[in-house]
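Input: a single structure, listed below in structure tokens.
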Amino acid sequence: MFLMTEPYTDVIFECQSGERTAQQQLYELHHRQAFRLCVRLVGEQDAPDLTQQTFLKVFRTIQQFSDSSRFETWLHRVTVNECLQHIRSRNRRPEVALDVEPAGVGSETGAAIESAELLQVALGHLQPELRTIFVLRELEELSYAELAETLDVSAGTVASRLNRARTQLKRLLTQLGWES
Amino acid sequence: MNCQQTLDMLSPLHDGELSADLREPVEQHIRECSSCAEALADFKALSSLVRGQSDTDPPAGLWDQLESVLDADSTCGASVAPTRTWREHFRSLSRTKGVVAVALIAAFGFAIITHNTAEHGHDESMAVNFDQFLSEFPNSPENAQKLLHANYPSDLVDVDQAALEVKYRPAVANALPEGYTLDTVHLVRMPCCLCVEALCTAPDGTRLAVLEHAIDQPVWFGDRPTERCDCNGRAARLVRFDGRLAATWKSEKRFLTIIGIRDEEELASLMRHLDPPEA
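These protein sequence lines are chains A and B, in that order. For my numbering, add 521 to where a residue sits in the first sequence, where the first one is 1. For my numbering, add 18 to where a residue sits in the second sequence, where the first one is 1.
The following block contains the structure:
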């Protein structure tokens, strides 16, 4: 049913049967990865919610998971979709949109904040689609083929988006005082 | 190979994704062009910056909350949207007095409901007092909506997202009568029922709320007298309030409620669009 290379086929199969122990096992295997991705895409404040929503979606729709894609790729796709949906929803609500996460640039200067914060601030100012592809490449180290599959775009789009993401991120970081 | 062609291939080069036949000319250009070489160095510096970051640990207790929602799923047998989320648990500890008041009203309404309607079985658990909703709706549909959302977790979504969550095509995805607009769609999690709740605007500027739920969950209208009518072949219950109508009926597969209708003629028109008879 699944790829023979899938290292935990039994766990996924049991999840499809609604086995709680298997669900917890799958969660333990992947929740740090999903949380890390959520932190980079929506910020630390909303990341626990989005991690929770991601796994709810995973367990509710795991019947749809098939051998045509690796589980990690599918999980990435679900996580990214949940995060992008959250960002779009947040942007539709002005009172929430003010709570800019993960940006929150405020009046801080580059010299005053650590590089981690600097990066988070700059990432928060990237368009969500550019932020997503950059994080998936740099943090999750997805190949171009995996990026194309996860984001449902062509390989050419992957390359051009990564170029734009890196160029804009460098410009934002420079404006914030980052010196490479 | 010029600068633009090189820059277009900079990410694939940096990521080791450039084919061998292109790699050599691109690298050759970079050796001879300080500007392109600098751009590549920037990309490398960005990678070093990102990969040098330490990860934040997820908070403890996430699984416990997730499990409680999964348990609720199992009990209800329904596929539902994310419910009371991690942050909402913390937010709930610091709700304002106004929200507390709303909660008290809702609790009071719930007490009345549970006292008066034991014959309605699982409806008892539906802790929203639609009498309150109807009272507020003519003054401010948005406030009535907030009353609902203060009691039940809700998500602002679009129709496609709603369809994905409830696993059916919501009635408001159908074309509305000419001149009507669909303003917002929310998924509202009620006990054992994920409700699609939409606000629409009629051509005369009045607002309408459309609620759709898959599980038999008759909507109460407090102590208001109800009328029964046959509309487009559907047996509907009507309630009159403040010169407007609320109507609820069972469609082929689900239950629909519209609040804020002008008259029976408008109800018939909306029914034809939202709940057309199956061919």
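Glycine included, every Cβ here is placed at the ideal spot set by N, Cα and C. In this text, all values refer to a predicted model and were calculated from it rather than measured experimentally.
Item                                                                                                                                                                         : Value
Looking at T653(A): is its Cβ nearer than 8 Å to the Cβ of V579(A)?                                                                                                          : no
Drop a sphere of 10 angstroms on the beta-carbon of G677(A), count the other beta-carbons inside from all chains shown, and report buried for 16 or more, exposed for fewer. : exposed
Would you call the region 688-695 of chain A and the region 30-42 of chain B touching, i.e. three or more CB-CB distances under 8 Å?                                         : no
Which residues, in order along the region 589-602 of chain A, keep a beta-carbon less than 7 Å from a beta-carbon of chain B?                                                : none
Could you check what DSSP says for L690(A) in three-state terms: helix, strand or coil?                                                                                      : helix
List the endpoints of the continuous beta strand (DSSP E) containing K268(B).                                                                                                : 262-268
For the beta strand (DSSP E) that E215(B) lies in, which residues bound it at each end?                                                                                      : 211-219
Given that Q179(B) touches chain A, what residues does it touch there, using C-beta distances under 8 Å?                                                                     : Q606
Near L694(A), which residues of its chain fall below 6 Å by C-beta distance, leaving aside the five closest residues on each side in sequence?                               : A643
For the alpha helix (DSSP H) that contains G278(B), what are its first and last residues?                                                                                    : Not the alpha helix (DSSP H): G278(B) falls in the beta strand (DSSP E), residues 273-279.
I want to see whether chain A comes within less than 8 Å of D33(B), judged by CB atoms only; does it?                                                                        : yes
Thinking just about the alpha-carbon of each residue, which of M27(B), D60(B), K62(B) is nearest to the one in E45(B)?                                                       : M27(B)
So C604(A) and V563(A) are in contact, right, with Cβ under 8 Å, and what is the actual spacing, rounded?                                                                    : 5 Å
Taking three-plus beta-carbon pairs below 8 Å as touching, is the region 76-88 of chain B in contact with the region 47-56 of chain B?                                       : no
Keeping to the same chain, check which residues put their C-beta closer than 7 Å to that of G251(B); ignore five residues upstream and five downstream.                      : P295
Is the separation between the beta-carbon of A265(B) and that of P159(B) shorter than 8 Å?                                                                                   : no
Would R69(B) be called buried (16 or more neighbouring beta carbons within 10 Å of its own) or exposed?                                                                      : exposed
For the region 524-555 of chain A, which residues have a CB atom closer than 9 Å to at least one CB atom of chain B, in sequence order?                                      : G539, R541, Q544, Q545, Y548, E549, H552, R553, A555
Is Q641(A) buried or exposed, if buried means 16 or more other CB atoms sit within 10 Å of its CB?                                                                           : buried
What residues of chain B sit near Q696(A), judged by a beta carbon separation below 7 Å?                                                                                     : None at all; the shortest Cβ gap to chain B is about 14 Å.
Could you pull out every residue in the same chain whose Cβ sits closer than 7 Å to the Cβ of L40(B), ignoring the five residues on either side in sequence?                 : M27
Can you grab the Cα-Cα spacing for the pair D60(B) / S610(A), in whole Å?                                                                                                    : 33 Å
Using a beta-carbon distance below 8 Å, is L166(B) in contact with chain A?                                                                                                  : no
Rounded to a whole number of angstroms, what is the C-alpha to C-alpha distance between R553(A) and A189(B)?                                                                 : 39 Å
Tell me the DSSP secondary structure of C51(B) in three-state form.                                                                                                          : coil
Looking only at C-alpha atoms, which of L166(B), K271(B), A38(B) sits nearest to E215(B)?                                                                                    : L166(B)
Can you pull the chain A residues whose beta carbon is under 8 Å from the beta carbon of R187(B), in chain order?                                                            : Near R187(B) there are no residues of chain A at all, since even the closest Cβ is about 17 Å away, more than 8 Å.
Spell out whether any CB of chain A is found under 8 Å from the CB atom of A55(B).                                                                                           : no
Does the distance from the C-beta atom of T572(A) to that of A555(A) stay below 8 Å?                                                                                         : yes
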